[in-house]
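The structure appears right after this line, and notes come after that.
Numbering (the numbering used here), first residue to last: -8 to 198.
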């Protein structure tokens, strides 16, 4: 089921900048979250969906001084339990391996892992863990929960569309992420990369 997956998420924003600059200045940031959450739980029941990794994708899109850029993550996973007719007990837990990034530019690829950007040595994954999933008026759904990037957790709402064909589900979502809220980027209030980066989710899963 192309189920929502953030997680991202979001992170690709860090794909530009210089690792030689000073540490980011202090700014208000979300609470630090334990990264033990990177282990996927095992759900049980009739509405447990298994990710089709070959058919799914997690991309990111942003804008830097030279213009728009796009990249993707090769490795990600998600545990999903969701009855579309009654999402009251739905659970979604998504994990992205940040080190699997491809920013489609040699310079961005070089800077991405550095401490001022994604700090992959200390924070190799990003996660999304839902607290609730509700139906929306437009026929889609909204997953509410915590997005954790670079060790910082922020409560978000993730709207996503969902189409089901037999035992296959397809979900799509675009999540705007403000990189400054996760202290991502050199002197992370600077504007060589715009603050907002879109994480685009195209998730297929089966049951």
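All C-beta atoms, glycine included, are put in the ideal place defined by N, C-alpha and C.
In the assembly as shown, residue 70 is a buried residue. Its beta-carbon has 16 or more other beta-carbons within 10 Å. The Cβ neighbour count for residue 47, taken over all protein chains shown within 10 Å, is at least 16; the residue is labelled buried.
Selection 134, 34 and 42 evaluated against residue 158 yields 42 as nearest (Cα-Cα). CA-to-CA, the gap between residue 162 and residue 118 works out to about 18 angstroms. Contact annotation: the region 72 to 91 touches the region 105 to 119, with at least three C-beta pairs closer than 8 angstroms.
Closest option to residue 94, judged by alpha-carbon separation, among 52, 192, 141 and 124: 52. Apart from the 5 residues on each side of it in sequence, residue 122 sits with its Cβ closer than 6 angstroms to the Cβ of 135 and 136 in its chain, given in chain order. Of 102, 44 and 176, the smallest CA-CA separation from residue 196 is found for 44. The C-beta distance from residue 190 to residue 166 rounds to 5 angstroms, short enough to fall under 8 angstroms. In the DSSP assignment, residue 187 falls outside any alpha helix (DSSP H) and lies within the beta strand (DSSP E) extending over 187 to 197.
Annotation for residue 116: the continuous beta strand (DSSP E) segment containing it runs 116 to 126. Pairing residue 103 with residue 50, the inter-Cα distance amounts to about 15 angstroms. From the listed residues 98, 101 and 127, the smallest Cα separation to residue 79 is found for 127.
The three-state reading of DSSP puts residue 171 in helix, counting H, G and I together. Per DSSP, reduced to three states, the secondary structure at residue 165 is strand.
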